[in-house]
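A.B. asks:
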Amino acid sequence: MTIFFNQPYSTGRELEYIQQAMKNCHLSGDGPFTDKCHAWLQANLPCRKALLTHSGTHALEMAAILLDIEAGDEVIMPSFTFVSTANAFVLRGGVPVFIDIRPDTLNLDEKLLVKAITARTKAIVPVHYAGVACEMDTIMEIAKRYKLAVVEDAAHGMLAFYCGKRLGAIGDLAALSFHETKNIICGEGGALIVNDDRFVERAEIIREKGTNRSLFYRGEVDKYRWVDVGSSFLPSELQAAYLWAQLEESQRITEMRRQVWQNYYDLLEPLEREGFIRRPQVPDSCSPNGHLFYILVEKCEDRDPLIGHLKEQKIFAMFHYVPLHSSPGGARFARIGSSLSVTEAVSDRLLRLPFWNLISLKQQQRVVFEIERFMKTLRTSLSVNPPVRRQQPSLQPEQIAGGEDVKPSLV
């Protein structure tokens with residue numbers, strides 16, 4: 051039986067609500083279902099304003115416009131992230147400044163922030179990888195000290211917590227994603243989360259093509275006009291109807307995914323103890339949402355053969371981000387603000403396991419069995435035919451961020 055990497059989940063009411071939207075004769079954006087979604091997000095994060103968008107990418111692009119990012123403005127972020135994190139600011143002329151990630155959470159390393167700040171720095175974009183929070187208290191304190199905006203990339207973070215606060219409700223602005231690979235979905239979709247009163251009215255204007263149309267519909271102005279830059283960022287009512295069915299069941303969905311995450315964590319403990327892999331690490335301050343489960347293999351050269359072995363067994367596991375600094379776009383549009391040794395080591399060793407709401411324990415056991423079989427076969431082969439050991443190159447001074455010691459091993 052094939053074990054797919056992801057299978058989108060339906061609560062059972064999506065079609066009912068889509069049909070309701072059709073009967074309402076309101077298929078364009080900002081109808082009754084959009085209002086329900088906005089109200090739910092504002093109450094449950096909570097936040098000052100939630101605005102549905104076509105995607106998490108569009109939410110980030112709106113954030114860049116709200117911050118008045120201009121040519122040469124620098125935005126600090128990890129290189130280990132999806133391209134949209136950087137692209138949203140590059141579109142406005144901004145310069146992504148990549149700093150390294152922490153070896154435990156794979157999130158932006160807050161200890162490297164201060165040395166990456168320059169006179170051109172305008173914002174920090176922490177990315178909550180795998181639904182595990184960045185060290186937000188430190189990030190917010192640094193941002194306040196240097197008068198910088200914080201935009202949470204919470205595409206993975208729906209209903210996860212940091213120190214009792216929901217991800218997306220901490221920074222000045224945040225972006226959520228409802229792509230079909232996320233926990234709460236509507237095919238494609240996202241939301242801009244506004245936590246700073248200064249941005250509320252202008253966010254509505256930017257989302258409505260630069261007009262004050264939202265004010266007009268609420269009866270606050272007698273006609274709507276073009277008043278600012280903007281674009282068409284609002285999704286259709288059909289997407290909102292699908293999303294509403296998911297939000298209604300969001301707590302149950304989160305509990306299901308947390309159980310899947312815990313199953314993998316428990317099943318893989320022996321392999322970590324024997325030194326084959328490393329499981330995710332979660333700080334005490336974080337309460338994740340079960341977004342995804344990854345392992346780090348011991349050696350980067352083992353990762354792709356393991357993917358191939360699993361595929362032969364009809365199990366589909368995936369690598370994740372190719373670091374943005376190593377891409378043509380990164381070389382063209384960004385600059386490097388610290389050593390990226392952890393980023394480079396992690397990206398070649400990371401493997402995401404099949405993960406969806408209804409994956410069975412039996413299927414998870416099969417995934418882990420095949421990982422174990424591959425690893426133990428590989429170790430036996432190496433003990434019979436040991437490889438020729440090559441001298442490891444030492445770290446050069448320019449690879450060391452701020453003159454601090456950098457250990458070549460992550461485990």
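All residue numbers in the sequence shown are consecutive under the working numbering, ending with 461.
Think of the CB as a built atom: it goes at the ideal place given N, C-alpha and C, for glycine as much as any other residue.
Note that the structure is a prediction, hence the values are computed from the model and not measured.
When you compare only the Cα positions, how much space is there between serine 300 and glycine 237?
C.D. replies: 16 Å
A.B. asks: Within the same chain, show all residues whose beta-carbon is closer than 6 Å to that of isoleucine 53, passing over the 5 residues directly before and after it, in chain order.
C.D. replies: Ile365, Pro404 and Gln413
A.B. asks: Could you check whether isoleucine 174 and isoleucine 119 sit closer than 8 Å to each other, using their CB atoms as the reference points?
C.D. replies: no
A.B. asks: Which whole-angstrom value describes the C-beta separation of isoleucine 149 and glycine 379, a residue pair presumed to lie in contact below a C-beta threshold of 8 Å?
C.D. replies: Not a contact, Cβ separation roughly 17 Å.
A.B. asks: Just to confirm, is the Cβ distance from methionine 190 to valine 177 under 8 Å?
C.D. replies: no
A.B. asks: For the alpha helix (DSSP H) containing phenylalanine 383, name the first residue and the last one.
C.D. replies: 378-383
A.B. asks: Please list the terminal residues of the continuous beta strand (DSSP E) segment that includes valine 200.
C.D. replies: Its beta strand (DSSP E) spans residues 199-203.
A.B. asks: Which residues share a DSSP beta bridge with cysteine 336?
C.D. replies: Tyr212
A.B. asks: Taking the alpha-carbon of alanine 204 as reference, which of Phe228, Thr188, Asp187 and Ile345 has the nearest alpha-carbon?
C.D. replies: Phe228
A.B. asks: By Cβ distance, which residues of its chain are closer than 7 Å to valine 164, with the 5 residues on each side in sequence left out?
C.D. replies: Ile192
A.B. asks: Which two residues bound the contiguous alpha helix (DSSP H) that contains arginine 353?
C.D. replies: Counting along the chain, the alpha helix (DSSP H) containing arginine 353 begins and ends at 350-362.
A.B. asks: Among Leu198, Cys213 and Thr171, which residue has its Cα nearest to the Cα of aspartate 187?
C.D. replies: Cys213
A.B. asks: Would glutamine 289 be called buried (16 or more neighbouring beta carbons within 10 Å of its own) or exposed?
C.D. replies: Of the residues assessed, glutamine 289 falls on the buried side of the cut-off, its CB having 16 or more other CB atoms within 10 angstroms.
A.B. asks: How many angstroms separate the CA atom of isoleucine 256 from the CA atom of leucine 223?
C.D. replies: 14 Å
A.B. asks: In angstroms with no decimal places, state the Cα-to-Cα distance between aspartate 80 and leucine 284.
C.D. replies: 7 Å
A.B. asks: Where does glutamate 120 fall in DSSP's three states?
C.D. replies: Reduced to three states, the DSSP call for glutamate 120 is coil.
A.B. asks: In the structure shown, what three-state DSSP assignment does glycine 62 receive?
C.D. replies: coil
A.B. asks: Any idea if aspartate 159 is buried or exposed, counting beta-carbon neighbours within 10 angstroms, 16 or more meaning buried?
C.D. replies: buried
A.B. asks: By DSSP, does serine 431 sit in helix, in strand, or in coil?
C.D. replies: helix
A.B. asks: Of all the options Thr155, Met208 and Arg323, which has the alpha carbon lying nearest to the alpha carbon of lysine 232?
C.D. replies: Considering only Thr155, Met208 and Arg323, the residue with the shortest C-alpha distance to lysine 232 is Met208.
A.B. asks: Kindly identify the DSSP beta-bridge partner or partners of arginine 328.
C.D. replies: Leu346
A.B. asks: DSSP puts methionine 306 in a beta bridge; with which residues?
C.D. replies: Per DSSP, none; premise fails for methionine 306.
A.B. asks: Under 8 Å: do the region 293-311 and the region 83-94 share three or more Cβ pairs, one atom per stretch?
C.D. replies: Proximity of the region 293-311 to the region 83-94 meets the contact definition, three or more beta-carbon pairs being nearer than 8 Å.
A.B. asks: Comparing alpha-carbon positions, which option in Pro153, Thr155 and Pro128 lies nearest proline 146?
C.D. replies: Pro128
A.B. asks: Which ranges would you report for the beta strand (DSSP E) in the region 94-145 if only whole runs of at least 3 residues count?
C.D. replies: Fully enclosed beta strand (DSSP E) runs of 3 or longer: 99-103 and 124-128.
A.B. asks: So leucine 223 is in the alpha helix (DSSP H); what residue range does that whole segment cover?
C.D. replies: Careful: leucine 223 lies outside any alpha helix (DSSP H), inside the beta strand (DSSP E) at 223-227.
A.B. asks: Tell me the rounded alpha-carbon separation between alanine 180 and leucine 95.
C.D. replies: 18 Å
A.B. asks: Checking the sheet assignment: what are the DSSP bridge partners for glutamate 191?
C.D. replies: Looking at the DSSP assignment, glutamate 191 forms no beta bridge with any residue, so it has no partner.
A.B. asks: Here's the rule I'm using: 16 or more other beta-carbon atoms within 10 Å means buried, otherwise exposed. How should phenylalanine 343 be labelled?
C.D. replies: buried
A.B. asks: Would asparagine 74 be called buried (16 or more neighbouring beta carbons within 10 Å of its own) or exposed?
C.D. replies: Exposed.
A.B. asks: With DSSP collapsed to three states, give me the class of serine 444.
C.D. replies: At serine 444, the pLDDT of 38 sits below 50, so the modelled position is not reliable; the number obtained from the coordinates is stated separately. Coil at serine 444, not helix or strand.
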